[in-house]
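A.B. asks:
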Amino acid sequence: MRPEQWQQFKAAAKRRHRGRPVPLALIADCPWIPAYAGVSYWDYFFDVEAWFAANVRVLRDFPEVIWFPAWWSEVGMGAEPSALGARVRFNRHRVPDVEPPPFRLDLLDRLTRPEPATDGFMALCLYRYQRLRQRIREAGFCVPVVAARGPLTVASFVRGVNDLMTDLVDDPDRVRQLLEVTTDLAIGWLRAQIEALDGGVEGLLILDDLAGFIGRRHYEQFAHPYLRRICDAFPADWVKILHNDASVAVCLERIPEAGFDVLNWGVETSLPDACRRVAGRLTLMGNVPPLDLGVRGTPEQVHADALRALREAGDHPFILSFAGVTTTGTPPDNIRALIRAVREFNAQG
55 MRPEQWQQFK AAAKRRHRGR PVPLALIADC PWIPAYAGVS YWDYFFDVEA WFAANVRVLR
115 DFPEVIWFPA WWSEVGMGAE PSALGARVRF NRHRVPDVEP PPFRLDLLDR LTRPEPATDG
175 FMALCLYRYQ RLRQRIREAG FCVPVVAARG PLTVASFVRG VNDLMTDLVD DPDRVRQLLE
235 VTTDLAIGWL RAQIEALDGG VEGLLILDDL AGFIGRRHYE QFAHPYLRRI CDAFPADWVK
295 ILHNDASVAV CLERIPEAGF DVLNWGVETS LPDACRRVAG RLTLMGNVPP LDLGVRGTPE
355 QVHADALRAL REAGDHPFIL SFAGVTTTGT PPDNIRALIR AVREFNAQG
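Read in order, the letters of the sequence shown correspond to residues 55 to 403 in the working numbering.
(1) Between Glu398 and Gly132, what straight-line distance do the alpha-carbon atoms span, to the nearest angstrom?
(2) Just to confirm the assignment: which complete beta strand (DSSP E) runs, minimum length 3, are found wholly within the segment 361 to 399?
(3) Measuring only the C-alpha atoms, how far is Ile309 from Arg270?
(4) In angstroms, rounded to a whole number, what distance separates the CA positions of Ala358 and Phe63?
(5) According to DSSP, simplified to helix, strand and coil, what is Thr352?
(6) Select from Arg185, Leu113, Leu78 the residue whose C-alpha is nearest the C-alpha of Val102.
(7) Looking only at its own chain, which residues have a Cβ that is under 6 angstroms from the Cβ of Pro85, when we skip the five neighbours before and after it?
(8) Can you give the Cα-Cα distance for Arg245 and Asp173, rounded to whole angstroms?
(9) Output the residue ranges of the beta strand (DSSP E) runs that lie fully inside the segment 79 to 112 and measure 3 residues or longer, sorted by chain position.
(10) Which term fits Asn216, buried or exposed, when burial requires 16 or more other beta carbons within 10 angstroms of its beta carbon?
(11) For the candidate residues Cys329, Gly214, Glu128, whose alpha-carbon lies nearest to that of Cys179?
(12) Once you ignore the five residues that flank Ala240 on each side, which residues in its own chain have a CB closer than 8 angstroms to its CB?
(13) Can you tell me the Cα-Cα spacing of Asp387 and Leu165, whole angstroms?
(14) Within this structure, are the beta carbons of Val76 and Leu364 separated by less than 8 angstroms?
(15) Rounded to the nearest angstrom, what separates Phe267 and Leu222 at their Cα positions?
(16) Cα separation between Leu218 and Arg282?
(17) As an exercise, report each continuous beta strand (DSSP E) stretch of at least 3 residues that is fully enclosed by the segment 243 to 309, in chain order.
(18) Could you check how far apart the C-beta atoms of Val229 and Phe276 are, in whole angstroms? I think they sit under 8 angstroms.
(19) Please state the DSSP three-state secondary structure of Arg203.
(20) I need the boundaries of the beta strand (DSSP E) containing Leu165, first residue and last residue.
(21) So what does DSSP say about Ala115, is it helix, strand or coil?
(22) Rounded C-beta distance between Ala300 and Gly320? I'm assuming under 8 angstroms.
(23) Please classify Ala66: is it buried, with 16 or more other beta-carbons within 10 angstroms of its beta-carbon, or exposed?
(24) Mind checking Tyr181: buried by the 16 CB within 10 Å criterion, or exposed?
(25) With C-beta atoms as the reference, is Leu338 less than 8 angstroms away from Leu317?
(26) Taking the C-alpha atoms as reference points, what is the distance between Ser324 and Trp105?
(27) Work out the CA separation of Val356 and Leu392 for me, nearest whole Å.
(28) Which residue spans inside the segment 128 to 162 form an unbroken alpha helix (DSSP H) run of at least 4?
(29) Sort out for me which residues DSSP pairs Leu317 with in a bridge.
(30) Do you know offhand how far Arg394's Cα is from Pro371's?
(31) Hey, Arg146 and Tyr95: beta-carbon distance below 8 angstroms or not?
(32) Evaluate Thr352 with the Cβ neighbour count: other Cβ atoms within 10 Å of its Cβ, from every protein chain shown; 16 or more gives buried, anything less gives exposed.
(33) Within 10 angstroms of the Cβ of Asp83, are there 16 or more other Cβ atoms? Answer buried if so, exposed if not.
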């Protein structure tokens with residue numbers, strides 16, 4: 055994103071104004087960017103010049119969009135899990151697979167704490183930032199936000215989703231021990247990225263869909279305290295965004311109390327219901343369906359649904375986006391339909 059776009063996003067996130075103008079921000083990473091830019095996944099991950107060129111193309115082809123978090127240095131879902139022993143299997147034509155290691159919770163005491171600067175594919179991601187940060191700035195862009203997978207999500211790549219869900223009931227103390235490790239890893243990973251960028255960071259994006267897989271009681275025990283600890287580890291005036299497009303039905307009211315300013319959520323909870331339940335304590339970022347409309351819909355359908363979302367939000371703090379990330383196969387014309395909708399809505403005054 056450009057510096058002025060960050061100021062627009064930050065103003066909306068911190069609820070400095072309500073109503074118009076509404077920003078348009080889209081979360082985009084490796085499932086969408088390489089294919090759009092005509093770059094192989096192999097080159098996108100391993101060739102820093104291909105990564106730079108692909109991101110520049112997206113930013114320049116859609117200058118009205120606040121691409122978020124912008125210049126996301128990642129290897130699919132694999133950066134943090136790779137430092138904990140998960141196998142990351144790269145593919146030339148799609149995003150990497152992440153395979154949980156054969157990991158026993160009773161051996162958790164033997165697990166050495168990972169070092170983000172050197173361990174797994176986090177080191178590769180940091181190298182991109184160190185190598186290209188000056189060129190990014192010289193091109194007129196900024197990197198104000200760093201991203202990390204949330205504690206439960208990383209834990210699921212260590213244990214596997216099914217085993218982790220069972221562990222919550224059968225071995226809760228060991229799960230808490232594992233979550234201490236993954237929370238420390240998230241905080242350390244964010245700090246390592248901040249250091250690698252050498253200035254300009256003022257925001258965090260935490261992605262934790264697994265917090266939407268559990269009920270209210272388990273959310274209170276295994277999600278909320280750890281998400282709160284991440285938010286508390288960074289300055290209070292920073293912008294803190296949570297992405298959870300699984301379900302927020304059981305925890306929506308608690309998300310502002312964890313320390314987040316913005317929620318990017320899924321389609322299960324309607325926009326009017328979300329507005330009612332958070333009551334202005336949080337900026338909502340959504341709520342155009344990313345698959346049924348973003349990928350499968352026509353530009354006319356996307357345009358109409360974007361206007362629907364803008365109207366339903368009313369004067370609630372709102373950022374127009376997909377209800378989740380920009381999905382593989384999203385046509386460029388559907389993104390242009392979002393641009394057209396937000397331009398028309400903001401012009402109404």
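For glycine and all other residues, C-beta sits at the position ideal for the given N, C-alpha and C. Values in this document were obtained by computation on a predicted structure and should not be read as measured data.
C.D. replies: Straight from the coordinates:
(1) Your numbering for residue 398 matches position 344 in the sequence shown. Your numbering for residue 132 matches position 78 in the sequence shown. The alpha-carbon separation between Glu398 and Gly132 amounts to approximately 39 angstroms.
(2) Qualifying beta strand (DSSP E) stretches, in chain order: 372 to 376.
(3) Stepping through the sequence shown from its first residue, residue 309 is reached at position 255. Stepping through the sequence shown from its first residue, residue 270 is reached at position 216. Distance from the CA atom of Ile309 to the CA atom of Arg270, rounded to whole angstroms, is 12 angstroms.
(4) Position 304 of the sequence shown holds residue 358. Position 9 of the sequence shown holds residue 63. Going from the Cα of Ala358 to the Cα of Phe63 covers about 23 angstroms.
(5) Here residue 352 corresponds to residue number 298 of the sequence shown, with the count starting at 1. Coil, per DSSP.
(6) As a position in the sequence shown, residue 102 is number 48, starting the count at 1. Nearest to Val102 by C-alpha distance, out of Arg185, Leu113, Leu78, is Arg185.
(7) Your numbering for residue 85 matches position 31 in the sequence shown. For Pro85, where only same-chain residues beyond five positions count, the Cβ hits under 6 angstroms are Val149, Thr382.
(8) What you label residue 245 is simply residue 191 of the sequence shown in a count that begins at 1. What you label residue 173 is simply residue 119 of the sequence shown in a count that begins at 1. The alpha-carbon atoms of Arg245 and Asp173 are separated by roughly 14 angstroms.
(9) Fully contained in the segment 79 to 112 are the following beta strand (DSSP E) runs of length 3 or more, in chain order: 79 to 81.
(10) Residue 216 sits at position 162 when you count from the first residue of the sequence shown. Flag for Asn216 reads exposed.
(11) Counted from its first residue, the sequence shown places residue 179 at position 125. Checked all of Cys329, Gly214, Glu128; the closest Cα to Cys179 is Glu128.
(12) Position 186 of the sequence shown holds residue 240. Glu134, Ala202, Arg203, Gly204, Pro205, Val208, Ile260, Ile284.
(13) In the sequence shown, the residue the question calls residue 387 occupies position 333. In the sequence shown, the residue the question calls residue 165 occupies position 111. Their backbone Cα atoms lie some 48 angstroms apart in a straight line.
(14) Along the sequence shown, read from residue 1 onward, the residue named residue 76 stands at position 22. Along the sequence shown, read from residue 1 onward, the residue named residue 364 stands at position 310. Result yes, Cβ atoms of Val76 and Leu364 sit closer than 8 angstroms.
(15) Residue 267 sits at position 213 when you count from the first residue of the sequence shown. Residue 222 sits at position 168 when you count from the first residue of the sequence shown. Rounded to the nearest whole angstrom, the CA to CA distance from Phe267 to Leu222 is 12 angstroms.
(16) Residue numbering aside, residue 218 sits at position 164 when the sequence shown is read from its first letter. Residue numbering aside, residue 282 sits at position 228 when the sequence shown is read from its first letter. If you take the alpha carbons of Leu218 and Arg282, they lie about 21 angstroms apart.
(17) For the segment 243 to 309, whole beta strand (DSSP E) runs of length 3 or above, ordered along the chain, are 257 to 261, 293 to 298.
(18) In the sequence shown, residue 229 corresponds to position 175, counting from 1. In the sequence shown, residue 276 corresponds to position 222, counting from 1. Contact between Val229 and Phe276 is confirmed by a C-beta separation of about 6 angstroms, below the 8 angstroms threshold.
(19) Counted from its first residue, the sequence shown places residue 203 at position 149. Strand, per DSSP.
(20) By one-based count along the sequence shown, residue 165 stands at place 111. Where Leu165 is concerned, there is no enclosing beta strand (DSSP E), given that its DSSP letter is neither H nor E.
(21) Mapped onto the sequence shown, residue 115 falls at position 61. According to the sequence displayed, residue 115 carries Asp and not Ala. When secondary structure is reduced to three states using DSSP, Asp115 falls in the helix class.
(22) Translated into the one-based positions of the sequence shown, residue 300 becomes position 246. Translated into the one-based positions of the sequence shown, residue 320 becomes position 266. The pair is a contact, with the Cβ atoms about 6 angstroms apart (cut-off 8 angstroms).
(23) Taking the first residue of the sequence shown as position 1, residue 66 is located at position 12. So Ala66 counts as buried.
(24) Stepping through the sequence shown from its first residue, residue 181 is reached at position 127. Counting every other CB atom within 10 Å of its CB across the protein chains shown gives Tyr181 a total below 16, marking it as exposed.
(25) Within the sequence shown, the letter at position 284 stands for residue 338. Within the sequence shown, the letter at position 263 stands for residue 317. Yes; because the gap between Cβ atoms is below 8 angstroms, this pair is in contact.
(26) Position 270 of the sequence shown, counting from 1, holds the residue named residue 324. Position 51 of the sequence shown, counting from 1, holds the residue named residue 105. Here the alpha carbons of Trp105 and Ser324 stand approximately 36 angstroms from one another.
(27) The residue given as residue 392 occupies position 338 in the sequence shown. The residue given as residue 356 occupies position 302 in the sequence shown. Distance between the alpha carbons of Leu392 and Val356: 7 angstroms.
(28) You should have 133 to 136.
(29) What you label residue 317 is simply residue 263 of the sequence shown in a count that begins at 1. Leu317 pairs with Leu296, Leu338.
(30) Within the sequence shown, numbered from 1, the residue matching residue 394 stands at position 340. Within the sequence shown, numbered from 1, the residue matching residue 371 stands at position 317. Take the alpha-carbon of Arg394 and the one of Pro371: they are about 20 angstroms apart.
(31) Translated into the one-based positions of the sequence shown, residue 146 becomes position 92. Translated into the one-based positions of the sequence shown, residue 95 becomes position 41. Yes, the Cβ-Cβ distance between Arg146 and Tyr95 is below 8 angstroms.
(32) Position 298 of the sequence shown, counted from the start, is the residue given in the question as residue 352. Exposure of Thr352 is indicated by the presence of fewer than 16 other C-beta atoms within 10 angstroms of its C-beta.
(33) Counted from its first residue, the sequence shown places residue 83 at position 29. Counting Cβ neighbours within 10 Å, Asp83 comes out buried, since at least 16 surround it.
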